[in-house]
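Working notes, beginning with the structure itself.
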Amino acid sequence: MSASIITLLTDFGAGSGYPAQMKGVILGLHPGATLVDLSHEVPAYRVLVGQALLLEAAAAFPPGTIHVAVVDPGVGTSRRGLVVSGGDKAPGQLFVGPDNGLLWPFVRNGRAWELSNPALRRPEVAPTFHGRDVFAPAAAHLALGLTPEQFGPEVLDPVRLQPPRVRREGGAVVGEIVHVDTFGNLISNLSREDLPPTEAAALKVSIGGRTLSGVQGTYASVPAGSLVALMGSAGFLEIAVREGSAARELRLEDGQGMPVVVEEA
Amino acid sequence: MSASIITLLTDFGAGSGYPAQMKGVILGLHPGATLVDLSHEVPAYRVLVGQALLLEAAAAFPPGTIHVAVVDPGVGTSRRGLVVSGGDKAPGQLFVGPDNGLLWPFVRNGRAWELSNPALRRPEVAPTFHGRDVFAPAAAHLALGLTPEQFGPEVLDPVRLQPPRVRREGGAVVGEIVHVDTFGNLISNLSREDLPPTEAAALKVSIGGRTLSGVQGTYASVPAGSLVALMGSAGFLEIAVREGSAARELRLEDGQGMPVVVEEA
Amino acid sequence: MSASIITLLTDFGAGSGYPAQMKGVILGLHPGATLVDLSHEVPAYRVLVGQALLLEAAAAFPPGTIHVAVVDPGVGTSRRGLVVSGGDKAPGQLFVGPDNGLLWPFVRNGRAWELSNPALRRPEVAPTFHGRDVFAPAAAHLALGLTPEQFGPEVLDPVRLQPPRVRREGGAVVGEIVHVDTFGNLISNLSREDLPPTEAAALKVSIGGRTLSGVQGTYASVPAGSLVALMGSAGFLEIAVREGSAARELRLEDGQGMPVVVEEA
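Residue numbers (my numbering), protein chains in the order written: chain A, 1 to 265; chain B, 1001 to 1265; chain C, 2001 to 2265.
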């Protein structure tokens, strides 16, 4: 039996009504689809954060799953839309989304086709909402059995966006900062599962010459103005200053790429 | 085939457990229903915000969809409950919710019946949770094939609540403030799709004699104390002061109805 | 017909991607399962808050429902996993989660078995994510018809964690503080349904020798620095100080167990 699971990952916010509109379009074409929210809380436009969440989640889904991912600063420009077969990162799974690197980990070992067939979009396509008008119908049609080739020509030069590697050095885990948000919080590529399998309180986090004791559950675990390492809302290790800016505290103009080391204390 | 899609829109908060209780009741009556969260983050009691989200979302759903909407400051009073046929705003769709104007855009071009049949409620109705005990069972029964007429008499004098119009004047979009929240944020009736199809950074927002450059992603895009225009969490353009009150800054006692103009800079 | 409803309750945050991973595992084993998010916003590690949400929600679900609950500070330690039959608190329902008291209200009148059969877990079990690797597959297998006995031996000494009682004294409702969060907010065991069936504005809340007028919708209903009683995001009455700490204001080191009285003003 072919599963008809379709997941949705966006930076829209679950309460915005936009994910629901995508679901309405999918269910209008494929009333039997099983819809799963992967996350709608990707920080706005942070393609690498979305990529990391998608990579981590795809591993838990069965063959046949179709993932729609919309972190899409280029919506309305000429950037292409893609359908991607997951290759060995996600055997038998398909991915739909913008050609901006979001799907690169899957394209790299798989194949990609352009979403250019106008018959497989909604009749009117809003320039600001391809999630609803292009990507959602594509996912529904794929779940109904259409093949990627029916959407358009194969794409041989997709946008590449390499996820930063997590390395292990002895007992330490070395990641890097993927994203500095508008509050100056430094968000790494380290998920909870990457960290050493120890109580969060017994970990030591080093970044920019500073060492933090323990991985906390919330900003409020430290006094105002202090640095804190915590698991952020999207599930990645984050370095923050409570009611302040970690980027400023660590004198970073742009912390992206800065290494962060986690080990047992 | 009749779809059995039931959407839920509330101001309960997704994490509160209340939307899940509504789903439990629906699935107890109709195990095959397909449930979609439209939003549970409507600002508490803001009927016009809920109305706008519902109007926008209904357009993406297929005929046969049943929408349960609960933004209900009058729960427990004598206000009626309604089932509404969507008219030409939502052909073939049905709406269930309180008679407080939330469903007015659909009633206006459709018809409404009172939810007065006690056999179609839960045996015990909590005065504070008609969403679970009255509206959820009504939606389930409708999805199972009952007709609106089976719930009670037609309602010929429903509560009217006109959504403010979005106007276009040349290249400019003119909306108005629908809601001033308790932080003094001014929330308009302008959704992302209403705005000119330009990069958010290239837009100019005018309100109360002030002009703001760009539509930001978050309050934190400006220094503390500054005015900012941004897309709020419910998907509408919002004028705020970071860590302050836009209502106070713009010397509004109650900004509801104040015009807001968005155009390319 | 046996319903295949599986609910999920966690403290992971809906946007973290972790609940979606649990769903991927469940749907991989049981593509026809109907998944319902009960809440993913339980405050981190607050077992009693999760227990209260679960108790309240289970009452709205039909027999046959399987609830997976993961508020699990002991993940990765030797604490057992349980499958619990709901007894008279939730007839015909089953519960899956850690043996840390979270499921105690159901165990007390029901029975519990250990999740020790390795064949019914994922092949690799991450020490930090039993929700995905142990509890999710258990729920799927139960929905597919396996019996609790197939998972392991009956547990005769489960961890007990008594939910604090809500008492009624004349027209007053007496609850207690279950949880003091890191902001100093005092979260009670009183849900909206426990409160007298009166408008929130007409209630009087007494705690620690102070009396508050009205139950508000948000912290911002009072000036900064003032005490406020409100319904918190998880659906329980909460005493807070806007932009401050109610625990400090009421000179509590740890307010857990402190009585809170609500009555009509």
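For each residue, glycine too, the CB sits at the ideal point set by N, CA and C.
| Check | Outcome |
| --- | --- |
| Measure from the C-beta of His2179(C) to each C-beta in chain B and report whether the shortest distance is under 9 Å. | no |
| Quick check on DSSP: helix, strand or coil for Leu2203(C)? | strand |
| Report, in whole angstroms, the separation of the C-beta atoms of Thr1218(B) and Leu1230(B), which I expect to be a contact under 8 Å. | 6 Å |
| Counting along the chain, where does the alpha helix (DSSP H) carrying Phe106(A) start and finish? | Trp104 to Asn109 |
| Determine the extent of the alpha helix (DSSP H) in which Gly1074(B) is found, giving its start and end residues. | Note, Gly1074(B): premise wrong, no alpha helix (DSSP H); not H, not E. |
| For Ala1020(B) and Gly1050(B), which I take to be in contact (beta-carbon distance under 8 Å), what is that distance rounded to the nearest angstrom? | The pair is not a contact, with the Cβ atoms about 19 Å apart (cut-off 8 Å). |
| If you draw a straight line from the alpha carbon of Leu195(A) to that of Gly2024(C), how long is it in whole angstroms? | 22 Å |
| Run through chain A and tell me which residues come within less than 8 Å of Pro1062(B), C-beta to C-beta. | Gly24, Leu27, Gly28 and Pro31 |
| Between Glu1238(B) and Ser1188(B), how many whole angstroms is the CB-CB distance? I'm expecting something under 8 Å. | 7 Å |
| Apart from the five residues just before and just after Thr1211(B), which ones in its own chain have a Cβ nearer than 8 Å to its Cβ? | Lys1204 and Val1205 |
| Specify, as a first and last residue, the run of the alpha helix (DSSP H) that Gly24(A) falls within. | Tyr18 to Leu29 |
| Give the C-beta separation of Leu1035(B) and Leu1054(B) to the nearest angstrom, bearing in mind that I take them to be a contact with Cβ-Cβ under 8 Å. | Between Leu1054(B) and Leu1035(B) the Cβ distance is about 16 Å, and since that is not below 8 Å, they are no contact. |
| When you compare only the Cα positions, how much space is there between Gln1256(B) and Gln1162(B)? | 13 Å |
| Reducing DSSP to helix, strand and coil, say where Ala1265(B) ends up. | coil |
| Compare the beta carbon distance of Val2042(C) and Val2071(C) with 9 Å and say whether it is the shorter of the two. | yes |
| According to DSSP, simplified to helix, strand and coil, what is Ser944(B)? | Nothing can be reported for residue 944(B): it is not among the residues displayed for chain B, which extend from 1001 to 1265. |
| According to the neighbour-count rule (16 or more other Cβ atoms, all chains shown, within 10 Å of its Cβ), is Arg1046(B) buried or exposed? | buried |
| May I have the straight-line CA-CA distance separating Ala201(A) from Val2083(C), to the nearest angstrom? | 29 Å |
| Is the Cβ of Leu2035(C) closer than 9 Å to any Cβ of chain A? | yes |
| Of all the options Thr198(A), Ile5(A), Ile207(A) and Glu176(A), which has the alpha carbon lying nearest to the alpha carbon of Pro164(A)? | Glu176(A) |
| Mind reading off the beta-carbon distance from Glu114(A) to Phe151(A)? Whole number of angstroms is fine, and I expect it under 8 Å. | 7 Å |
| In angstroms with no decimal places, state the Cα-to-Cα distance between Asp1099(B) and Arg1079(B). | 6 Å |
| Taking 9 Å as the threshold (C-beta atoms), are Gln2093(C) and Gly2086(C) in contact? | yes |
| Cβ of Arg2132(C) within 9 Å of Cβ of Ala60(A)? | yes |
| Quick check on the DSSP output: what are the complete alpha helix (DSSP H) runs of length 4 or more inside the stretch 1111–1191 of chain B, in order along the chain? | 1136–1143 |
| Mind checking if Pro1197(B) is an interface residue toward chain A, Cβ cutoff 9 Å exclusive? | yes |
| Beta-carbon of Gln2021(C) versus every beta-carbon of chain A: anything under 9 Å? | yes |
| If I measure Cβ to Cβ from Val1166(B) and keep anything under 8 Å in the same chain, skipping five residues before and after, which residues do I get? | Val1173, Val1174, Gly1175, Asn1189, Leu1190 and Asp1194 |
| Following the continuous beta strand (DSSP E) through Val96(A), name the residue where it begins and the one where it ends. | Leu94 to Pro98 |
| So, using beta-carbon positions, are Leu1038(B) and Ala1140(B) closer together than 9 Å? | no |
| For Phe2129(C), which residues in the same chain have their Cβ closer than 6 Å to its Cβ, ignoring the five residues on either side in sequence? | none |
| Just to confirm, does Leu1195(B) get its C-beta within under 8 Å of one of the non-hydrogen atoms of the ligand FMN? | For the structure depicted, the ligand FMN is absent and the ligand set is empty, with no information on it obtainable. |
| With 9 Å set as the bound, which would you pick, yes or no: does the beta-carbon of Glu2056(C) sit closer than that to a beta-carbon of chain B? | yes |
| Measuring only between beta-carbons, confirm whether Ser2085(C) sits less than 9 Å from chain B. | no |
| In the DSSP assignment, the beta strand (DSSP E) including Leu2009(C) goes from what residue to what residue? | Ile2005 to Thr2010 |
| May I ask you to list the residues that DSSP assigns as paired with His1067(B)? | Thr1007(B) and Phe1095(B) |
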